[in-house]
Amino acid sequence: HVLLSVKKACISLGSRTRAIGNAAKSQIVTNVRNTIHGFKKLHGRSFDDPIVQTERIRLPYELQKMPNGSAGVKVRYLEEERPFAIEQVTGMLLAKLKETSENALKKPVADCVISIPSFFTDAERRSVMAAAQVAGLNCLRLMNETTAVALAYGIYKQDLPPLDEKPRNVIFIDMGHSAYQVSVCAFNKGKLKVLATTFDPYLGGRNFDEALVDYFCEEFKTKYKINVKENSRALLRLYQECEKLKKLMSANASDLPLNIECFMNDLDVSSKMNRAQFEQLCASLFTRVEPPLKAVMEQANLQREDISSIEIVGGATRIPAVKEQITKFFLKDISTTLNADEAVARGCALQCAILSPAFKVREFSITDLVPYSIMLRWKTSFEDGTGECEVFCKNHPAPFSKVITFHKKEPFELEAFYTNLHEVPYPDPRIGSFTIQNVFPQSDGDSSKVKVKVRVNIHGIFSVASASVIEKQNVEGDPSDAPMETEASFKNESKDDVDKMQVDQEEGGHQKCHAEHTPEEEIDHTGTKTKSAPSDKQDRLNQTIKKGKVKSIDLPIQSSLCRQLGQDLLNSYIENEGKMIMQDKLEKERNDAKNAVEEYVYDFRDKLGTVYEKFITQEDLNKLSAILEDTENWLYEEGEDQPKQIYVDKLQELKKYGQPIQMRYMEHEERPKALNDLGKKIQLVMKVIEAYRNKDERYDHLDPAEVEKVEKYISEAMSWLNSKMNAQNKLSLTQDPVVKVSEIVAKSKELDSFCNPIIYKPKPKVEVAEDKAKANSEHNGPMDGQSGTETKPDTTKDSSQHTKSSGEMEVD
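All residue numbers for the sequence shown refer to UniProt numbering, where the first residue is 1 and numbers rise by one.
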């Protein structure tokens, strides 16, 4: 897994290709209308959403209403106006990160963990999941940003309290470019639990930048008589300079200048500001720092003394006044042990490693929470016509499942929505509706018992996971054998429809194994919860189920989710992304071919005046220089935008003129070494032959006929070498060589293969003294006519002597 940190997500679309990441960020000013940035807040929202309309004023590019009513962007790509859904835009960014990871790892990447703000609703979360599918990624988990920070902090801590002791409570504060989030987490050894989370989705670093921009816009209107907000390019440049100024003021309290050349209408503008002025200008923003801190402590039911430490991340937390507000509230020094820019990405990388079977990571369980309370509503036969129940309260642990029991005679619909809309930064309280199908009365006319499992999954997304009906079976035999209360347990004592419902909880376990346990809760129609052990009636019902007198049948569920992308539309986005990736690849190959021609022209022209100067005649030099100049002019005129093959052909044409010169230079440089190597080998062979002729005992085992062959071969090699060198010495440097380095090297290898096996032939194996003694012993055995039993002389002493000198050799 590769840690990827992107300062700002940017996608710039052009006439032939896309630029993504840093390449796109450099085009924010030059390609204003077609460079997309700051689009995270548009996920899962309709075009008419108030948040979208507010963002629309800030953004220099155009937003457009998509056919399904969602917000999209309108840019010019491949010489035509094209709309892109936000899922497509984020998909482009994720696809680029996927490519970067694959290039670094040298293997395919499919799985990932994506961070999102903790305040994202279901519609926004599903939108990000769809963007991952567009990029061809399998998102293992959508992870809340503050939870990712907490994991990056806690997994390395070796001094966390054991599970049976009081946990260590840590506050995590993340103020980034556009949002402010606060979480309080409880840590034990190998365990992280998020206790509460609060946020201000509309407070971030960009708000401080806007305050500076508004101030300088007013100043420049008075001082220079220009309206900066009418010029998108000038406004973007001012934003960039104000961001730099804000960072400088965090480290310096003195007056700091703001200077921009050729800002607008060919005017150079200048101004100045200090930290005190900045804090006065942003006083209303700084007052918004404390409320989320107070709220998170109240929700977690903690006091200041219960907090072990306060960790801050995000670029905007570097502002001194923000730090001062946090310190003032907690009456405790803040800690900056985490990397402010990369803590979220590190946490996601660690979570991905935990979820991957390919990595062995220390056990560390994570329990997140549900940021908003969720209600279910359904139709009943009561006078008011509806029933409802809060299935997940605010800050409820997640992932988490609950099983709800209904008594119904016909299919019914469950509508899920957020309870307190004023807490949710989303205009629509609906999550979705779920129709439980194929529900019929029992054979005796009673209501059927329907168990519905609802879940907030690992991504923080609510769903009706499954539904089943408990069907009574006819049992042959003595009716008295059947429990009397079994039938009554399926009846609603007051109404045919739901008068009460039972909620069985299934708590999500460790992230890898998803182990679950099921304590029971019972909720009546007023919403009162009671926890109790199963009743005798429930015991007899369970026994009846075990005996096979009832059975569970799965029911189909039809879902209609708020702002859910259709599968056909999602498939078309995936297909379009594939086409754009292919277009980028073809354009890159075309640019590489063009750059190769340009590089060859500049490189060869430079070398013609230096290293290649001696290897070309003046006439050829003038001709080739003219060709290179014509090629350069062609590149910047009609050759500016040509197909890849044209550039490939142009490079081959240039190489026809350049390669002979390059070859003469390379041959001249490498020939001395090759000749020297061949000459040394010839001299070595001649020395061996001379030693053989002088009866050197080291070579007296060589075959005379083979030595004769070597001598003849060496003579021919010397003649070949001398003739080639004499001919080469007669040529000028501007002429092609008589003999190439490759021929000399080949001759050298041929000499080795022919001569070495002969002249370096090893001597035959010599006889060891011990072996010769054995032969002598056999020779001194009984002679003809002598008795074989004749006493032999004692050879123990000689044998001992032979043993001691067994390392000596005797040479004939």
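Glycine included, every Cβ here is placed at the ideal spot set by N, Cα and C.
ask   = Unbroken beta strand (DSSP E) runs of length 3 or more, entirely within the segment 338 to 404: which are they?
value = 365 to 370, 374 to 379, 386 to 392 and 396 to 398
query = Three or more beta-carbon pairs under 8 angstroms between the segment 672 to 688 and the segment 733 to 748, yes or no?
reply = yes
request  = Rounded to whole angstroms, what's the CA-CA distance from Glu476 to His407? Just pull it up for me.
outcome  = Low per-residue confidence applies at Glu476: pLDDT is 49, beneath 50, and the placement is therefore not dependable enough to give any value.
query = Under the DSSP definition of a beta bridge, which residues are partnered with Asp568?
reply = According to DSSP, which records beta bridges pairwise, Asp568 is partnered with nothing at all.
ask   = Can you tell me whether DSSP reads Gln280 as helix, strand or coil?
value = helix
inquiry  = Just to confirm my understanding: we take Thr337, look at its own chain, exclude 5 residues before and 5 after, and list those with CB closer than 8 angstroms. What are they?
reply    = Tyr153 and Glu311
key: Alpha-carbon spacing of Thr327 relative to Ser309, whole angstroms   = 11 angstroms
inquiry  = Measuring only the C-alpha atoms, how far is Gln662 from Tyr612?
reply    = 7 angstroms
query = Can you name the start and end residues of the beta strand (DSSP E) that Met143 belongs to?
reply = Asn138 to Asn144
task = Can you check DSSP and say which residues form a bridge with Leu256?
result = Met273
inquiry  = Assess contact between the segment 394 to 409 and the segment 424 to 434, defined as three or more Cβ pairs (one per stretch) separated by less than 8 angstroms. Is contact present?
reply    = no
request  = Given a cut-off of 7 angstroms, decide if Ala300 and Val184 are closer than it, judged by their beta-carbon atoms.
outcome  = yes
query = Are Gly347 and Leu151 touching if we call contact CB-CB under 7 angstroms?
reply = yes
key: Residues bridged to Arg76 (per DSSP)   = Glu81
inquiry  = I believe Pro117 touches Ala179 by the beta-carbon criterion, under 8 angstroms. Please report the beta-carbon distance rounded to the nearest angstrom.
reply    = 5 angstroms
message = Whole angstroms are fine: how far does the CA of Ala24 sit from the CA of Glu87?
response = 18 angstroms
task = Using the Cα positions of Ile461 and Ala186, report the straight-line distance between them to the nearest angstrom.
result = 23 angstroms
message = Distance check for Ala71 and Asp46, CA to CA, integer angstroms please.
response = Rather than Asp, the amino acid found at residue 46 in this sequence is Ser. In a straight line, the C-alpha of Ser46 is about 5 angstroms away from that of Ala71.
ask   = Who does Met175 pair with in a DSSP beta bridge?
value = Tyr180
query = Does DSSP put Ala186 in a helix, in a strand, or in coil?
reply = strand
Cys513 versus Ser356: straight-line alpha-carbon distance, rounded = A caution first: Cys513 carries a pLDDT of 29, below 50, which makes its placement in the model unreliable, though a value can still be read off. Spanning the two alpha carbons is a distance of roughly 12 angstroms.
request  = Let me know if Ile553 comes out buried or exposed under the rule of 16 or more other beta-carbons within 10 Å of its beta-carbon.
outcome  = exposed
ask   = Would you call Asn227 buried or exposed, if buried means 16 or more other Cβ atoms sit within 10 Å of its Cβ?
value = exposed
Presumed contact (8 angstroms Cβ cut-off) between Phe392 and Val456, rounded CB distance = 6 angstroms
message = Let me make sure I understand the geometry here. Which of Asn591, Ser448 and Met92 has the alpha-carbon closest to that of Arg16?
response = Asn591
message = Quick check on Ser715: buried or exposed, where buried means 16 or more other Cβ atoms within 10 Å of its Cβ?
response = exposed
Exposure of Leu222, with buried meaning 16 or more beta-carbon neighbours within 10 Å = The identity of residue 222 in the sequence shown is Thr, whereas the question assumes Leu. It counts as exposed.
query = If you draw a straight line from the alpha carbon of Ser26 to that of Glu243, how long is it in whole angstroms?
reply = 15 angstroms
ask   = When burial is assigned at 16 or more other CB atoms within 10 Å of the CB, is Ser753 buried or exposed?
value = exposed
task = Alpha carbon to alpha carbon, how far is Thr287 from Leu293? Give it in angstroms, no decimals.
result = 11 angstroms
ask   = Using 8 angstroms as the threshold, is the segment 637 to 652 in touch with the segment 587 to 602, meaning 3 or more CB pairs across them?
value = yes
query = Are there 16 or more other CB atoms within 10 angstroms of the CB of Pro441, so buried, or fewer, so exposed?
reply = exposed
query = Just how far apart, CA to CA, sit Ile682 and Lys607?
reply = 37 angstroms
inquiry  = For Phe172, tell me which candidate among Ala340, Leu565 and Gly190 has the shortest Cα-Cα distance.
reply    = Ala340
key: Ala19, enclosing beta strand (DSSP E) - first and last residue   = Arg18 to Ile20
task = With a threshold of 16 other CB atoms inside 10 Å of the CB of His701, please say whether the residue is buried or exposed.
result = exposed
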